Amino acid sequence: MQHPLVNPSLAPCGFVFPASKERLEYSPPNCALWWVNNEVLISRLWEEINRANAPKSPPLITIIHKILPSEVTANKLEEGDFEFAGLPFLSRDIALVSTLVQWFATSVGNAFIESVISHGAKQRHDHEFVRKFNDYEKQYNLIAHLMHTCTPQCHKGLLLMRGNGHDYSQNEVTARDKAVAMGLMIWLGRAAGRAFIAEYLEQERAAWHKAYKPVAEAYAKATEG
């Protein structure tokens, strides 16, 4: 994968691993007017806050060049496969973080967020996301599933969790991949990360309210009297 430099964002919508990209392009048959693709919603918000002209430092710069080296010196990225704002980046890092962010808009990912926010509301620990993600990673081998690219041995269809006939042997999760995922979780536990989640949840509520409103009004009109 190579970062599409034509996009002024470090996290262009759709620059994710194949299964996630497929879901961004999905629309259900006979789509109801009220249907909203939450994964597109969060991906566009992530793209926006990682633009070169964003009002605040793009989260990916903070994660890759501040959080990762502060956790382990060996995580410092000396050379990448492209540059952004004069700094080196690896396309694989960007795709992984963006894939994880998109996952938060799935039903399982949303449950992950809600459980952390609910627990964090009482304790407000910065590492609540890290703890919860470690539990998910142990249980589901989540990073490998999200990074998975189908091979001829895979059954048709892409699912997130274990089983389902997919061949994961071709997908080797590196120490760097794990560090990058943890860097995102650390950032999410900070004020900027929590603000991002809050903004996404607000946009999600607004989008569903706007999309469902015509359906609700039509139903109310049909049941009058």
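Residue 1344 in the working numbering sits at position 58 of the sequence shown, with consecutive numbering throughout.
No residue lacks a Cβ here, since even glycine has one placed at the ideal position from N, Cα and C.
A quick note: this is a predicted structure, and the numbers were derived from the prediction, not measured.
Based on Cα-Cα distance, which residue from G1479, K1307 and K1424 lies nearest to I1353?
-> G1479
With contact counted as at least three CB pairs below 8 Å, one residue from each stretch, are the stretch 1296-1309 and the stretch 1359-1366 in contact?
-> no
Stretch pair the stretch 1421-1436 + the stretch 1371-1391: three plus CB contacts closer than 8 Å | yes
So what's L1446 in DSSP terms, helix, strand or just coil?
-> Unreliable placement is indicated for L1446, whose pLDDT of 47 sits below 50; the coordinate value is still reported in the next sentence. Here L1446 sits in coil by DSSP.
Enclosing beta strand (DSSP E) for F1375 [first to last residue] = L1373 to F1375
So, is L1291 buried or exposed, given that buried needs 16 or more other C-beta atoms within 10 angstroms?
-> exposed
DSSP beta-bridge partners for R1337?
-> S1295
Determine the DSSP secondary structure at E1369, reduced to helix, strand or coil.
-> strand
Local Cβ density within 10 Å of N1339, reported as buried at 16 or more and exposed below that = exposed
Neighbour-count burial assignment, S1306, 16 or more Cβ in a 10 Å radius | buried
With distances taken between CB atoms, is the gap from I1349 to G1469 smaller than 8 Å?
-> yes
Three-state secondary structure (DSSP) at K1362?
-> coil
DSSP state of V1402, grouped into three classes?
-> helix
Quick one, which of L1376, F1419, L1331 and Y1312 has its alpha-carbon nearest A1493's?
-> L1331
Under three-state DSSP, which class holds K1408?
-> In this prediction, K1408 has a pLDDT of 49, which is less than 50 and means its spatial position is unreliable; what the coordinates show is noted afterwards. K1408 falls in the helix class under three-state DSSP.
Pull up the distance between the alpha-carbon of T1392 and that of E1400, whole angstroms please.
-> 12 Å
With 16 as the cutoff for other CB atoms within 10 Å, does K1418 come out buried or exposed?
-> buried
Mark H1351 as exposed unless 16 or more other C-beta atoms lie within 10 angstroms of its C-beta, in which case mark it buried.
-> buried
Return the chain-ordered list of same chain residues with a C-beta closer than 8 Å to the C-beta of S1313, the five sequence neighbours on each side being excluded.
-> W1321 and N1323
Element boundaries [alpha helix (DSSP H), containing R1462] = A1461 to G1475
Tell me whether D1421 is buried or exposed, calling it buried when 16 or more other Cβ atoms sit within 10 Å of its Cβ.
-> exposed
Cβ neighbours of Q1288 in the same chain (closer than 6 Å, five flanking residues each side left out) | S1377
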